[in-house]
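Protein chains in written order, with this note's numbering: chain A, 64 to 305; chain B, 522 to 782. Glycine included, each C-beta is placed from N, C-alpha and C at the ideal position. Written below as structure tokens is the structure these notes are about.
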């Protein structure tokens, strides 16, 4: 089980967003760390098939995105950076809609994530309109929704941005525990250094290029740094990050 | 699997329509004003001769009912494409595009959802039309359904195409001025084309080539249990072309980089 990205490049007009990006992710919690504008969201839109891969290739379990997009999408759960819930519908209606987009019945999908809903404290609020939820709860719904079809790959693009510390912790801990139980591949994009643990696999993306890819503690040893903050500052400044 | 996805998209469109009940009201107010106020005022000014598909002289109210029904479908389709632009700006379009089902199927399901909403609005409007003595035969109401369906697909496809080419929500106002109004006024919705020809030969031919005219006439014919193959061909062809173009515009965009050796 892996996500493999090989020599991936992408540009908007003449501006390169990704330049020769290569990595291979295995089961576990993988962090994509990079400052704003590093190319994280572009990488996500390529990984999710929302943009077409024209230079390089992306494969999920040896299935190429260009050729087997539909099959791959059925195995991916995604939480985008921005809210993608329908504000006029209730939590349950949003979940039901998403389930149908994956060919699942609402009942089956809700049964799939019964535990998830309990852990995220959403069980009692299923009939609440999303518009009436705060930012933290909306994020929880998005995470629950991404797990409805029991995906093998979970991609989360800055899922905790704009949330308070308590909500951030709850979501981060939930996803970490979920990965341990399910042995799925998670790619968690963030620019928040405090979300990184030394045992995580860290993919450092700066100016559209991979500047480091290994277990966090190994990268620290390799660069002779004491913590992620120092490592991040060193790499972003030393390599001429604008 | 497919039918579950189809029903899910349909349900979401219906739920959203139900949540936005004011949309139904505003969709009906416009044509009802035309029917009860405009038509009453212009009844004497716009004397109508006997034309196909009518078998006798008719009042102006009767003439504009099919045009106003088509207007409802036109505005609902554009409203639906506006909501797609909104969905895209808000990000919820990504959820639809991330579905493992083919995009043409997803967009078609969305169009059909919009079509059913249009049909509901048109039939409610036709109930109001009874108040000005415009009553169709039972078969007229039945024959109208597939035409309403086709017309909504046709205008919905144009809406889809527009939705994906409008980059910002604010630009949608331009659609009103450059698409909806010209399409509506340069058609046979409000006046028969022979009237337009009396005023201007050029305008007459523009109206004649406007596919919305074919849609209005197809609907008018169906109200009287009649059928015109030429209008059907025009509407079907434009629908197919616009739908294919719309689906292509929803395909993921790439950006090939030229490598310098």
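Listing by chain order, which chain B residues have their CB less than 9 Å from the CB of residue i?
i	result
residue 151(A)	536, 537, 540, 541
residue 156(A)	532, 533, 536
So residue i packs on residue j, CB below 8 Å; how close in whole Å?
i	j	result
residue 92(A)	residue 68(A)	So it is not a contact: roughly 17 Å between Cβ atoms.
residue 275(A)	residue 80(A)	Between residue 80(A) and residue 275(A) the Cβ distance is about 19 Å, and since that is not below 8 Å, they are no contact.
residue 640(B)	residue 740(B)	Not confirmed; about 12 Å, so no contact.
residue 632(B)	residue 677(B)	4 Å
residue 212(A)	residue 620(B)	Rounded, the Cβ-Cβ distance is 10 Å, inconsistent with contact.
residue 636(B)	residue 674(B)	6 Å
residue 183(A)	residue 203(A)	4 Å
residue 71(A)	residue 118(A)	7 Å
residue 286(A)	residue 297(A)	6 Å
residue 180(A)	residue 207(A)	6 Å
Could you work out which residues of chain A lie near residue i, taking near to mean beta carbons separated by less than 8 Å?
i	result
residue 552(B)	Ordered by position in chain A, no residue passes the 8 Å Cβ test against residue 552(B), which lies about 25 Å from the chain.
residue 525(B)	163, 166, 167, 168
residue 632(B)	Near residue 632(B) there are no residues of chain A at all, since even the closest Cβ is about 16 Å away, more than 8 Å.
residue 703(B)	Those within 8 Å of residue 703(B) in chain A number zero; the least Cβ separation is about 32 Å.
residue 617(B)	164
Which same chain residues, not among the five before or five after residue i, have their C-beta less than 6 Å away from its C-beta?
i	result
residue 717(B)	724, 725, 728
residue 189(A)	154, 155
residue 781(B)	With a pLDDT of only 48 at residue 781(B), under 50, the local geometry of the prediction cannot be trusted, and the value read off the model is given with reservation. Correct list: empty, nothing qualifies.
residue 159(A)	169
residue 305(A)	Only weak support exists for where residue 305(A) lies, its pLDDT of 44 falling under 50; the value from the coordinates is given anyway. Excluding residues within five positions, none has a Cβ falling inside 6 Å.
residue 618(B)	none
residue 679(B)	763
residue 214(A)	138, 139, 140
Going by the CB atoms, is the gap between residue j and residue i shorter than 9 Å?
i	j	result
residue 144(A)	residue 193(A)	no
residue 615(B)	residue 111(A)	yes
residue 607(B)	residue 713(B)	no
residue 157(A)	residue 167(A)	no
residue 201(A)	residue 236(A)	no
residue 733(B)	residue 704(B)	yes
residue 218(A)	residue 139(A)	yes
residue 770(B)	residue 686(B)	yes
residue 595(B)	residue 701(B)	yes
residue 529(B)	residue 708(B)	no
residue 647(B)	residue 550(B)	no
residue 96(A)	residue 283(A)	no
Apart from the five residues just before and just after residue i, which ones in its own chain have a Cβ nearer than 7 Å to its Cβ?
i	result
residue 303(A)	With a pLDDT of 49 at residue 303(A), under the threshold of 50, the predicted position of this residue should be treated as unreliable, though the coordinate-derived value follows. If we look at residue 303(A) and ignore the five residues flanking it on each side, it has no Cβ neighbours.
residue 107(A)	218, 220, 252
residue 242(A)	91, 92, 249
residue 638(B)	534, 538, 597
residue 109(A)	71, 73, 116, 121
Show which residues of chain A have a CB atom less than 9 Å away from the CB atom of residue i.
i	result
residue 530(B)	160, 163, 164
residue 629(B)	By Cβ distance, chain A contributes nothing, its closest Cβ being about 14 Å from residue 629(B), past 9 Å.
residue 588(B)	Here the premise fails: no neighbours, minimum Cβ distance about 32 Å.
residue 601(B)	The contacting residues do not exist; residue 601(B) stays about 14 Å from chain A at best.
Cβ of residue i versus every heavy atom of the ligand HEM: is any distance shorter than 8 Å?
i	result
residue 179(A)	Of ligands this structure carries none, so the ligand HEM is not represented either.
For a contact defined as C-beta to C-beta under 7 Å, what are the partners of residue i on chain A?
i	result
residue 609(B)	The premise fails here: residue 609(B) is roughly 11 Å from chain A at the closest Cβ pair, so nothing lies under 7 Å.
residue 605(B)	What residue 605(B) touches in chain A: nothing, since even the nearest Cβ is about 13 Å away.
residue 522(B)	166
residue 637(B)	The premise fails here: residue 637(B) is roughly 16 Å from chain A at the closest Cβ pair, so nothing lies under 7 Å.
So, at 8 Å on beta carbons, what are the nonlocal neighbours of residue i in its own chain, with the 5 sequence-adjacent residues on each side left out?
i	result
residue 127(A)	120, 121
residue 258(A)	94, 223, 231, 235, 251
Output yes if chain E places a C-beta closer than 9 Å to the C-beta of residue i; else output no.
i	result
residue 738(B)	Checking the listed chains, one finds no chain E in this structure; the protein chains it contains are A and B.
Members of the segment 133-150 of chain A that neighbour chain B once the beta carbon cut-off is set at 9 Å: Answer in chain order: 133, 134, 135, 136, 137, 138, 139, 141, 143, 144, 145, 146, 147, 148, 149, 150.
Members of the segment 106-123 of chain A that neighbour chain B once the beta carbon cut-off is set at 8 Å: 111, 112, 113, 114, 115, 116, 117, 118
Interfacial residues, the segment 707-729 of chain B to chain A, with Cβ spacing under 9 Å: Cβ contacts with chain A come from no residue of the segment 707-729 of chain B.
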